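Peer 1: Residue numbers (the working numbering): 106 to 551. Glycine included, every Cβ here is placed at the ideal spot set by N, Cα and C. Here the structure is a predicted model, which is why all the values come from computation and not from measurement.
Right under this line is the structure:
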(Lines of atoms letter the chains of each structure in order from A and count residues from 1; the text may use other names and numbers.)
(Lines give C-alpha, C1' and ligand atoms only; values in the text may rest on other atoms or scores of the structure.)
Protein backbone atom coordinates (compact mmCIF):
# COMPACT_ATOMS: atom_id res chain seq x y z
CA UNK A 1 0.00 0.00 0.00
CA UNK A 2 1.04 3.66 0.23
CA UNK A 3 3.76 5.18 2.40
CA UNK A 4 1.01 6.35 4.80
CA UNK A 5 0.14 2.74 5.52
CA UNK A 6 3.69 1.40 5.31
CA UNK A 7 4.83 3.76 8.09
CA UNK A 8 2.23 2.21 10.37
CA UNK A 9 2.99 -1.46 9.84
CA UNK A 10 3.38 -3.38 13.07
CA UNK A 11 5.06 -6.77 13.52
CA UNK A 12 3.83 -9.01 16.33
CA UNK A 13 6.08 -11.77 17.69
CA UNK A 14 4.57 -15.21 18.45
CA UNK A 15 4.36 -14.53 22.21
CA UNK A 16 1.95 -11.65 21.65
CA UNK A 17 -0.09 -13.24 18.89
CA UNK A 18 -3.37 -15.06 19.37
CA UNK A 19 -4.18 -18.33 17.58
CA UNK A 20 -4.73 -18.16 13.85
CA UNK A 21 -8.23 -16.93 13.11
CA UNK A 22 -8.65 -14.42 15.93
CA UNK A 23 -10.57 -11.32 14.90
CA UNK A 24 -8.61 -8.07 15.00
CA UNK A 25 -10.96 -5.11 14.85
CA UNK A 26 -10.16 -2.14 12.68
CA UNK A 27 -7.06 -3.50 10.94
CA UNK A 28 -6.17 -4.15 7.35
CA UNK A 29 -4.59 -7.58 6.97
CA UNK A 30 -2.65 -8.43 3.79
CA UNK A 31 -3.43 -11.95 2.62
CA UNK A 32 -0.56 -14.38 3.07
CA UNK A 33 -0.69 -17.10 0.41
CA UNK A 34 1.95 -19.29 2.04
CA UNK A 35 -0.15 -19.49 5.18
CA UNK A 36 -3.33 -19.98 3.17
CA UNK A 37 -1.96 -23.27 1.98
CA UNK A 38 -2.24 -24.54 5.56
CA UNK A 39 -5.71 -23.18 6.33
CA UNK A 40 -8.70 -25.47 6.32
CA UNK A 41 -12.42 -25.08 6.98
CA UNK A 42 -14.17 -23.76 8.94
CA UNK A 43 -12.01 -20.61 8.97
CA UNK A 44 -12.38 -20.08 5.24
CA UNK A 45 -14.70 -22.97 4.47
CA UNK A 46 -17.90 -23.15 2.45
CA UNK A 47 -21.13 -21.99 4.06
CA UNK A 48 -23.38 -24.48 2.36
CA UNK A 49 -25.02 -25.77 5.52
CA UNK A 50 -25.87 -22.33 6.90
CA UNK A 51 -25.60 -18.67 5.95
CA UNK A 52 -22.58 -16.83 7.33
CA UNK A 53 -23.12 -15.31 10.77
CA UNK A 54 -21.18 -12.46 12.30
CA UNK A 55 -19.44 -13.16 15.57
CA UNK A 56 -21.72 -12.42 18.51
CA UNK A 57 -21.35 -8.88 19.78
CA UNK A 58 -19.19 -7.76 16.86
CA UNK A 59 -20.34 -4.72 14.92
CA UNK A 60 -17.09 -3.16 13.77
CA UNK A 61 -15.00 -4.17 10.81
CA UNK A 62 -12.54 -6.94 11.52
CA UNK A 63 -10.11 -9.17 9.69
CA UNK A 64 -9.02 -12.75 9.96
CA UNK A 65 -5.34 -13.30 9.56
CA UNK A 66 -3.03 -16.28 9.08
CA UNK A 67 0.46 -16.56 10.52
CA UNK A 68 3.41 -16.04 8.25
CA UNK A 69 6.01 -18.73 7.94
CA UNK A 70 8.40 -16.61 10.01
CA UNK A 71 5.73 -16.41 12.77
CA UNK A 72 5.32 -12.66 12.38
CA UNK A 73 2.23 -10.75 11.41
CA UNK A 74 2.23 -7.46 9.51
CA UNK A 75 -0.84 -5.30 9.99
CA UNK A 76 -1.69 -1.67 9.37
CA UNK A 77 -3.87 0.69 11.35
CA UNK A 78 -7.37 1.57 10.20
CA UNK A 79 -7.43 3.86 7.25
CA UNK A 80 -8.50 7.46 7.82
CA UNK A 81 -8.98 9.06 4.38
CA UNK A 82 -6.66 6.87 2.39
CA UNK A 83 -6.06 7.28 -1.33
CA UNK A 84 -5.79 4.03 -3.29
CA UNK A 85 -5.90 3.23 -6.97
CA UNK A 86 -8.78 0.76 -6.89
CA UNK A 87 -11.49 -0.54 -4.56
CA UNK A 88 -13.46 -3.71 -5.21
CA UNK A 89 -16.71 -4.12 -3.27
CA UNK A 90 -17.40 -7.81 -2.69
CA UNK A 91 -14.98 -10.69 -2.15
CA UNK A 92 -16.73 -13.42 -4.06
CA UNK A 93 -14.84 -15.22 -6.80
CA UNK A 94 -15.56 -12.47 -9.34
CA UNK A 95 -14.60 -9.66 -6.97
CA UNK A 96 -11.37 -11.42 -6.02
CA UNK A 97 -10.56 -12.02 -9.69
CA UNK A 98 -11.14 -8.32 -10.44
CA UNK A 99 -8.83 -7.37 -7.56
CA UNK A 100 -6.19 -9.74 -8.92
CA UNK A 101 -6.45 -8.30 -12.43
CA UNK A 102 -6.16 -4.71 -11.19
CA UNK A 103 -3.33 -5.47 -8.76
CA UNK A 104 -1.38 -7.31 -11.45
CA UNK A 105 -1.60 -4.15 -13.55
CA UNK A 106 0.04 -2.14 -10.78
CA UNK A 107 -3.04 -0.74 -9.01
CA UNK A 108 -3.00 -0.40 -5.22
CA UNK A 109 -6.19 -2.34 -4.55
CA UNK A 110 -8.45 -2.79 -1.52
CA UNK A 111 -11.26 -5.37 -1.43
CA UNK A 112 -14.19 -4.61 0.89
CA UNK A 113 -16.13 -7.62 2.18
CA UNK A 114 -18.97 -7.42 4.69
CA UNK A 115 -18.63 -11.00 5.94
CA UNK A 116 -15.83 -12.47 8.05
CA UNK A 117 -14.45 -14.55 5.17
CA UNK A 118 -14.38 -14.31 1.41
CA UNK A 119 -16.66 -16.22 -0.94
CA UNK A 120 -19.47 -17.04 1.49
CA UNK A 121 -22.52 -16.37 -0.68
CA UNK A 122 -23.06 -17.28 -4.33
CA UNK A 123 -19.42 -18.29 -4.82
CA UNK A 124 -19.74 -20.99 -2.14
CA UNK A 125 -23.24 -22.17 -3.00
CA UNK A 126 -23.17 -23.50 -6.54
CA UNK A 127 -22.52 -26.62 -8.58
CA UNK A 128 -18.76 -25.93 -8.95
CA UNK A 129 -18.98 -26.66 -12.66
CA UNK A 130 -16.62 -25.34 -15.33
CA UNK A 131 -19.10 -24.63 -18.11
CA UNK A 132 -18.30 -24.85 -21.81
CA UNK A 133 -20.49 -21.96 -23.01
CA UNK A 134 -23.08 -23.62 -25.21
CA UNK A 135 -26.30 -22.33 -23.60
CA UNK A 136 -25.91 -18.61 -24.22
CA UNK A 137 -26.93 -16.53 -27.27
CA UNK A 138 -24.17 -15.98 -29.78
CA UNK A 139 -22.49 -12.62 -29.23
CA UNK A 140 -23.66 -12.24 -25.63
CA UNK A 141 -21.29 -11.48 -22.78
CA UNK A 142 -22.20 -14.81 -21.20
CA UNK A 143 -21.21 -16.68 -24.36
CA UNK A 144 -17.97 -14.81 -24.98
CA UNK A 145 -16.79 -14.63 -21.37
CA UNK A 146 -17.73 -18.24 -20.60
CA UNK A 147 -15.82 -19.63 -23.59
CA UNK A 148 -12.82 -17.42 -22.79
CA UNK A 149 -13.13 -18.19 -19.10
CA UNK A 150 -13.24 -21.94 -19.69
CA UNK A 151 -9.78 -21.87 -21.26
CA UNK A 152 -8.39 -19.38 -18.75
CA UNK A 153 -9.70 -21.40 -15.82
CA UNK A 154 -8.23 -24.72 -16.95
CA UNK A 155 -4.88 -23.01 -17.54
CA UNK A 156 -5.05 -21.30 -14.14
CA UNK A 157 -5.80 -24.62 -12.43
CA UNK A 158 -2.81 -26.22 -14.13
CA UNK A 159 -0.36 -23.49 -13.14
CA UNK A 160 -1.68 -23.04 -9.59
CA UNK A 161 -2.29 -26.66 -8.62
CA UNK A 162 -6.05 -26.31 -8.13
CA UNK A 163 -7.92 -29.59 -7.97
CA UNK A 164 -10.26 -30.00 -10.92
CA UNK A 165 -11.43 -32.64 -13.38
CA UNK A 166 -12.40 -32.36 -17.04
CA UNK A 167 -15.08 -35.03 -16.67
CA UNK A 168 -17.45 -33.93 -19.44
CA UNK A 169 -21.19 -33.45 -19.39
CA UNK A 170 -24.11 -35.26 -21.02
CA UNK A 171 -27.19 -33.18 -21.80
CA UNK A 172 -29.92 -35.76 -22.16
CA UNK A 173 -33.15 -35.84 -24.12
CA UNK A 174 -35.75 -38.09 -22.52
CA UNK A 175 -38.29 -37.70 -25.30
CA UNK A 176 -38.28 -37.20 -29.05
CA UNK A 177 -39.51 -33.64 -28.51
CA UNK A 178 -36.28 -32.81 -26.67
CA UNK A 179 -33.96 -34.23 -29.33
CA UNK A 180 -34.38 -31.22 -31.60
CA UNK A 181 -33.28 -29.03 -28.70
CA UNK A 182 -30.00 -30.95 -28.49
CA UNK A 183 -29.20 -30.09 -32.09
CA UNK A 184 -30.04 -26.43 -31.38
CA UNK A 185 -27.69 -26.45 -28.40
CA UNK A 186 -24.91 -28.00 -30.46
CA UNK A 187 -25.32 -25.42 -33.23
CA UNK A 188 -25.41 -22.58 -30.74
CA UNK A 189 -22.40 -23.90 -28.85
CA UNK A 190 -20.32 -24.26 -32.00
CA UNK A 191 -21.31 -20.72 -33.02
CA UNK A 192 -20.01 -19.57 -29.63
CA UNK A 193 -16.68 -21.29 -30.24
CA UNK A 194 -17.23 -24.31 -28.00
CA UNK A 195 -15.22 -27.38 -28.98
CA UNK A 196 -15.76 -31.03 -28.11
CA UNK A 197 -19.52 -31.18 -28.77
CA UNK A 198 -20.88 -34.49 -30.05
CA UNK A 199 -24.41 -35.80 -30.53
CA UNK A 200 -24.80 -39.36 -29.22
CA UNK A 201 -27.46 -41.97 -29.85
CA UNK A 202 -29.13 -43.83 -27.00
CA UNK A 203 -26.82 -46.78 -27.64
CA UNK A 204 -23.70 -44.63 -27.54
CA UNK A 205 -24.88 -43.10 -24.27
CA UNK A 206 -25.45 -46.55 -22.73
CA UNK A 207 -21.88 -47.48 -23.62
CA UNK A 208 -20.68 -44.51 -21.55
CA UNK A 209 -23.29 -44.57 -18.77
CA UNK A 210 -25.21 -47.88 -18.67
CA UNK A 211 -27.78 -46.73 -16.08
CA UNK A 212 -28.67 -43.50 -17.84
CA UNK A 213 -32.02 -43.51 -19.64
CA UNK A 214 -32.43 -41.19 -22.60
CA UNK A 215 -33.28 -41.15 -26.29
CA UNK A 216 -30.18 -39.13 -27.23
CA UNK A 217 -27.60 -36.88 -25.61
CA UNK A 218 -25.17 -34.08 -26.36
CA UNK A 219 -21.67 -34.64 -25.02
CA UNK A 220 -19.78 -31.53 -23.92
CA UNK A 221 -16.20 -32.70 -23.48
CA UNK A 222 -14.79 -29.42 -22.12
CA UNK A 223 -17.19 -29.23 -19.16
CA UNK A 224 -15.59 -30.04 -15.82
CA UNK A 225 -15.67 -29.56 -12.06
CA UNK A 226 -13.45 -27.49 -9.80
CA UNK A 227 -12.64 -26.89 -6.16
CA UNK A 228 -14.12 -23.38 -6.03
CA UNK A 229 -12.68 -22.69 -2.58
CA UNK A 230 -9.20 -23.67 -3.75
CA UNK A 231 -9.71 -21.40 -6.75
CA UNK A 232 -10.53 -18.44 -4.52
CA UNK A 233 -7.52 -19.13 -2.30
CA UNK A 234 -5.24 -19.14 -5.34
CA UNK A 235 -6.74 -15.94 -6.74
CA UNK A 236 -6.29 -14.32 -3.32
CA UNK A 237 -2.68 -15.42 -3.28
CA UNK A 238 -2.00 -13.85 -6.66
CA UNK A 239 -3.75 -10.63 -5.63
CA UNK A 240 -1.78 -10.33 -2.39
CA UNK A 241 1.53 -10.99 -4.10
CA UNK A 242 0.79 -7.90 -6.17
CA UNK A 243 -0.11 -5.80 -3.13
CA UNK A 244 -3.89 -6.20 -2.85
CA UNK A 245 -5.47 -6.01 0.59
CA UNK A 246 -8.63 -7.79 1.75
CA UNK A 247 -10.74 -5.98 4.36
CA UNK A 248 -13.17 -8.39 6.04
CA UNK A 249 -16.27 -7.40 8.02
CA UNK A 250 -16.06 -4.06 6.24
CA UNK A 251 -19.51 -3.43 4.76
CA UNK A 252 -19.78 -0.67 2.20
CA UNK A 253 -21.83 2.16 3.70
CA UNK A 254 -22.01 4.97 1.17
CA UNK A 255 -20.12 6.73 -1.57
CA UNK A 256 -20.04 9.61 -3.98
CA UNK A 257 -19.32 9.55 -7.70
CA UNK A 258 -19.04 12.22 -10.33
CA UNK A 259 -15.63 13.78 -9.78
CA UNK A 260 -12.17 12.63 -10.75
CA UNK A 261 -12.13 10.37 -7.68
CA UNK A 262 -14.80 8.24 -6.05
CA UNK A 263 -15.26 8.64 -2.29
CA UNK A 264 -16.26 5.61 -0.22
CA UNK A 265 -17.00 4.83 3.41
CA UNK A 266 -16.99 1.33 4.85
CA UNK A 267 -17.20 -0.38 8.24
CA UNK A 268 -19.73 -0.09 11.04
CA UNK A 269 -18.84 1.29 14.48
CA UNK A 270 -15.29 1.84 13.25
CA UNK A 271 -15.34 3.20 9.72
CA UNK A 272 -12.73 3.87 7.07
CA UNK A 273 -12.85 6.35 4.23
CA UNK A 274 -11.26 5.78 0.86
CA UNK A 275 -10.53 7.88 -2.22
CA UNK A 276 -10.08 5.91 -5.40
CA UNK A 277 -10.02 6.48 -9.13
CA UNK A 278 -11.42 2.97 -9.79
CA UNK A 279 -14.32 1.24 -8.03
CA UNK A 280 -15.71 -2.16 -9.02
CA UNK A 281 -19.11 -3.05 -7.61
CA UNK A 282 -18.91 -6.85 -7.44
CA UNK A 283 -21.33 -7.23 -4.54
CA UNK A 284 -23.37 -10.02 -6.14
CA UNK A 285 -26.76 -10.26 -4.45
CA UNK A 286 -26.15 -6.81 -2.96
CA UNK A 287 -24.95 -5.05 -6.12
CA UNK A 288 -28.14 -3.03 -6.67
CA UNK A 289 -28.13 -1.75 -3.09
CA UNK A 290 -24.46 -0.77 -3.37
CA UNK A 291 -25.15 1.17 -6.57
CA UNK A 292 -28.10 2.94 -4.95
CA UNK A 293 -25.83 4.12 -2.10
CA UNK A 294 -23.51 5.93 -4.51
CA UNK A 295 -24.52 9.57 -4.40
CA UNK A 296 -24.55 10.97 -7.91
CA UNK A 297 -25.13 7.64 -9.65
CA UNK A 298 -28.17 7.76 -11.99
CA UNK A 299 -30.98 5.61 -10.57
CA UNK A 300 -32.13 4.62 -14.06
CA UNK A 301 -28.95 2.59 -14.47
CA UNK A 302 -29.75 0.33 -11.49
CA UNK A 303 -31.64 -2.73 -12.81
CA UNK A 304 -34.30 -4.56 -10.77
CA UNK A 305 -33.17 -7.44 -8.58
CA UNK A 306 -34.78 -10.86 -8.63
CA UNK A 307 -33.74 -13.77 -6.41
CA UNK A 308 -33.95 -17.30 -7.78
CA UNK A 309 -33.18 -19.79 -5.04
CA UNK A 310 -31.75 -23.13 -6.03
CA UNK A 311 -32.06 -26.10 -3.68
CA UNK A 312 -29.60 -29.00 -3.78
CA UNK A 313 -30.11 -32.54 -2.54
CA UNK A 314 -27.26 -34.96 -1.90
CA UNK A 315 -27.08 -38.69 -2.60
CA UNK A 316 -25.33 -40.50 0.24
CA UNK A 317 -24.24 -43.55 -1.75
CA UNK A 318 -21.97 -43.37 -4.77
CA UNK A 319 -23.80 -43.08 -8.07
CA UNK A 320 -22.96 -45.12 -11.18
CA UNK A 321 -22.01 -42.10 -13.29
CA UNK A 322 -18.70 -40.57 -14.30
CA UNK A 323 -20.11 -37.64 -16.31
CA UNK A 324 -22.23 -34.73 -15.19
CA UNK A 325 -25.83 -35.33 -16.27
CA UNK A 326 -28.02 -32.40 -17.32
CA UNK A 327 -31.56 -32.41 -18.67
CA UNK A 328 -32.58 -30.09 -21.48
CA UNK A 329 -32.62 -26.56 -19.98
CA UNK A 330 -35.78 -25.17 -18.40
CA UNK A 331 -36.89 -21.54 -17.89
CA UNK A 332 -34.88 -19.85 -15.11
CA UNK A 333 -32.15 -22.48 -14.90
CA UNK A 334 -30.52 -25.56 -16.34
CA UNK A 335 -32.87 -28.07 -14.76
CA UNK A 336 -32.32 -30.49 -11.88
CA UNK A 337 -28.99 -31.90 -12.92
CA UNK A 338 -26.57 -34.40 -11.44
CA UNK A 339 -23.14 -33.07 -10.59
CA UNK A 340 -20.22 -34.75 -8.91
CA UNK A 341 -17.80 -33.24 -6.47
CA UNK A 342 -14.10 -34.03 -6.58
CA UNK A 343 -14.61 -36.71 -3.94
CA UNK A 344 -17.13 -38.52 -6.13
CA UNK A 345 -20.27 -37.64 -4.16
CA UNK A 346 -23.32 -36.76 -6.22
CA UNK A 347 -25.64 -33.85 -5.66
CA UNK A 348 -28.79 -32.95 -7.54
CA UNK A 349 -30.02 -29.46 -8.31
CA UNK A 350 -30.51 -26.68 -8.37
CA UNK A 351 -34.20 -26.21 -8.93
CA UNK A 352 -35.75 -22.76 -9.37
CA UNK A 353 -37.65 -21.20 -6.47
CA UNK A 354 -38.39 -17.48 -6.80
CA UNK A 355 -38.09 -15.66 -3.48
CA UNK A 356 -38.23 -12.05 -2.28
CA UNK A 357 -35.68 -12.20 0.56
CA UNK A 358 -32.49 -14.21 1.00
CA UNK A 359 -33.25 -17.57 2.61
CA UNK A 360 -30.70 -20.38 2.77
CA UNK A 361 -32.90 -23.10 4.25
CA UNK A 362 -33.45 -26.10 1.98
CA UNK A 363 -37.17 -26.79 1.77
CA UNK A 364 -37.67 -30.51 2.52
CA UNK A 365 -41.07 -30.50 0.82
CA UNK A 366 -39.38 -29.97 -2.56
CA UNK A 367 -37.83 -33.45 -2.45
CA UNK A 368 -40.75 -35.07 -4.28
CA UNK A 369 -40.17 -32.89 -7.33
CA UNK A 370 -36.49 -33.83 -7.27
CA UNK A 371 -37.33 -37.53 -7.35
CA UNK A 372 -39.67 -37.11 -10.31
CA UNK A 373 -37.21 -34.92 -12.25
CA UNK A 374 -34.18 -37.16 -11.65
CA UNK A 375 -36.04 -40.38 -12.42
CA UNK A 376 -36.65 -39.13 -15.95
CA UNK A 377 -33.01 -39.90 -16.69
CA UNK A 378 -32.10 -42.18 -13.74
CA UNK A 379 -35.10 -44.41 -13.03
CA UNK A 380 -33.12 -46.53 -10.56
CA UNK A 381 -33.02 -43.71 -7.98
CA UNK A 382 -34.42 -45.25 -4.80
CA UNK A 383 -36.92 -43.73 -2.40
CA UNK A 384 -35.09 -42.13 0.50
CA UNK A 385 -31.90 -41.77 -1.51
CA UNK A 386 -31.88 -37.97 -1.43
CA UNK A 387 -31.25 -35.70 1.54
CA UNK A 388 -31.35 -31.88 1.73
CA UNK A 389 -27.83 -30.50 1.22
CA UNK A 390 -27.60 -26.74 0.68
CA UNK A 391 -29.01 -23.99 -1.47
CA UNK A 392 -27.75 -21.01 -3.40
CA UNK A 393 -29.37 -17.83 -4.67
CA UNK A 394 -28.94 -16.58 -8.22
CA UNK A 395 -28.56 -12.77 -8.47
CA UNK A 396 -30.90 -12.29 -11.42
CA UNK A 397 -31.93 -9.10 -13.19
CA UNK A 398 -34.91 -10.72 -14.93
CA UNK A 399 -37.98 -12.19 -13.29
CA UNK A 400 -39.92 -15.45 -13.65
CA UNK A 401 -41.99 -14.16 -16.57
CA UNK A 402 -39.09 -12.49 -18.39
CA UNK A 403 -36.70 -13.79 -21.00
CA UNK A 404 -33.23 -14.72 -19.75
CA UNK A 405 -30.85 -11.77 -19.64
CA UNK A 406 -27.14 -11.33 -20.21
CA UNK A 407 -24.52 -10.28 -17.70
CA UNK A 408 -24.80 -6.52 -17.12
CA UNK A 409 -21.30 -5.07 -16.88
CA UNK A 410 -21.65 -1.30 -16.74
CA UNK A 411 -18.59 0.80 -17.40
CA UNK A 412 -18.18 4.57 -17.68
CA UNK A 413 -19.30 4.53 -21.31
CA UNK A 414 -22.73 3.30 -20.10
CA UNK A 415 -23.44 5.50 -17.08
CA UNK A 416 -20.98 8.36 -17.56
CA UNK A 417 -19.22 8.05 -14.19
CA UNK A 418 -15.42 7.77 -14.60
CA UNK A 419 -13.73 4.80 -12.99
CA UNK A 420 -16.89 2.97 -11.88
CA UNK A 421 -17.84 -0.53 -13.03
CA UNK A 422 -21.04 -2.20 -11.83
CA UNK A 423 -21.50 -5.95 -12.16
CA UNK A 424 -25.19 -6.89 -12.14
CA UNK A 425 -26.78 -10.28 -12.71
CA UNK A 426 -23.54 -12.27 -12.45
CA UNK A 427 -25.19 -15.67 -12.12
CA UNK A 428 -24.08 -18.84 -13.92
CA UNK A 429 -21.63 -18.99 -15.70
CA UNK A 430 -20.05 -16.47 -13.33
CA UNK A 431 -17.69 -18.97 -11.70
CA UNK A 432 -16.39 -20.19 -15.07
CA UNK A 433 -16.14 -16.62 -16.34
CA UNK A 434 -14.49 -15.06 -13.28
CA UNK A 435 -11.06 -14.56 -14.86
CA UNK A 436 -12.43 -13.34 -18.19
CA UNK A 437 -14.87 -10.99 -16.44
CA UNK A 438 -11.91 -9.56 -14.52
CA UNK A 439 -9.96 -8.98 -17.73
CA UNK A 440 -12.98 -7.27 -19.27
CA UNK A 441 -13.46 -5.06 -16.19
CA UNK A 442 -9.80 -4.03 -16.24
CA UNK A 443 -10.09 -3.09 -19.91
CA UNK A 444 -12.98 -0.73 -19.09
CA UNK A 445 -11.05 1.37 -16.57
CA UNK A 446 -7.36 1.07 -17.53
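Should residue 329 and residue 271 be called a contact, given that it needs their Cβ atoms to be closer than 8 Å?
Peer 2: yes
Peer 1: Where does residue 461 land, buried or exposed, given buried means 16+ other C-beta within 10 angstroms?
Peer 2: exposed
Peer 1: Between 197, 252, 263, 315, which has its C-alpha nearest residue 295's C-alpha?
Peer 2: 252
Peer 1: What ranges does the alpha helix (DSSP H) occupy inside the segment 193-218, keeping only unbroken runs of at least 4 residues that lie completely in it?
Peer 2: Given a length threshold of 4 residues, each whole run of the alpha helix (DSSP H) inside the segment 193-218 is given here in chain order: 198-209.
Peer 1: Quick one: give me the first and last residue of the alpha helix (DSSP H) that residue 541 is part of.
Peer 2: 539-550
Peer 1: According to DSSP, is residue 309 part of a helix, a strand, or is it coil?
Peer 2: helix
Peer 1: Looking at the structure shown, is residue 433 part of a helix, part of a strand, or coil, going by DSSP?
Peer 2: Coil, per DSSP.
Peer 1: Would you call the segment 195-214 in contact with the segment 276-296, where contact means no fewer than 3 C-beta pairs closer than 8 Å?
Peer 2: no
Peer 1: On a Cα-Cα basis, can you pick out the residue from 266, 540, 310, 248 that is closest to residue 277?
Peer 2: The shortest Cα separation from residue 277 among 266, 540, 310, 248 belongs to 310.
Peer 1: Run through DSSP, which three-state label would residue 130 get?
Peer 2: The predicted model places residue 130 with a pLDDT of 32, which falls under 50 and marks its position as unreliable; any figure quoted below should be read in that light. Correct three-state label for residue 130: strand.
Peer 1: From residue 171 to residue 385, what does the alpha carbon distance come to, in whole angstroms?
Peer 2: Low confidence applies here, because residue 171 scores a pLDDT of 31, under 50, leaving its location unreliable; read the following figure in that light. Looking at the two C-alpha atoms, the distance is approximately 26 Å.
Peer 1: Could you pull the start and end residues of the alpha helix (DSSP H) that residue 262 belongs to?
Peer 2: 246-265
Peer 1: When DSSP builds the beta bridges, which residues end up paired with residue 500?
Peer 2: 412
Peer 1: Grab the span of the beta strand (DSSP E) containing residue 351 for me, first residue to last.
Peer 2: DSSP places residue 351 in the uninterrupted beta strand (DSSP E) bounded by 350-352.
Peer 1: Quick one: using the 10 Å Cβ neighbour count with 16 as the cut-off for buried, is residue 537 buried or exposed?
Peer 2: buried
Peer 1: Could you check where the beta strand (DSSP E) with residue 329 kicks off and where it finishes?
Peer 2: 329-331
Peer 1: To which residues of the same chain is residue 499 closer than 6 Å at the C-beta, ignoring the five residues directly before and after it?
Peer 2: 413, 532
Peer 1: Run through the DSSP bridge pairs and tell me what residue 383 is partnered with.
Peer 2: 191
Peer 1: Just tell me which of 407, 400, 449 has its CA closest to the CA of residue 423.
Peer 2: 449
Peer 1: Here's the rule: buried if 16 or more other CB atoms are within 10 angstroms of the residue's CB, otherwise exposed. What is residue 506?
Peer 2: exposed
Peer 1: List the whole-angstrom C-beta distance separating residue 215 from residue 528, where the pair is believed to meet the contact cut-off of C-beta under 8 Å.
Peer 2: Contact flag wrong, Cβ pair sits at about 17 Å.
Peer 1: Using DSSP bridges, identify the partner residues of residue 458.
Peer 2: 414
Peer 1: I'd like the list of long-range same chain contacts for residue 363, defined as Cβ closer than 6 Å, with 5 residues on each side in sequence excluded.
Peer 2: Counting only Cβ-Cβ distances below 6 Å, and skipping sequence neighbours, we find 401.
Peer 1: Pull up the DSSP beta-bridge partners for residue 302, would you.
Peer 2: Beta bridge pairing from DSSP links residue 302 with 325.
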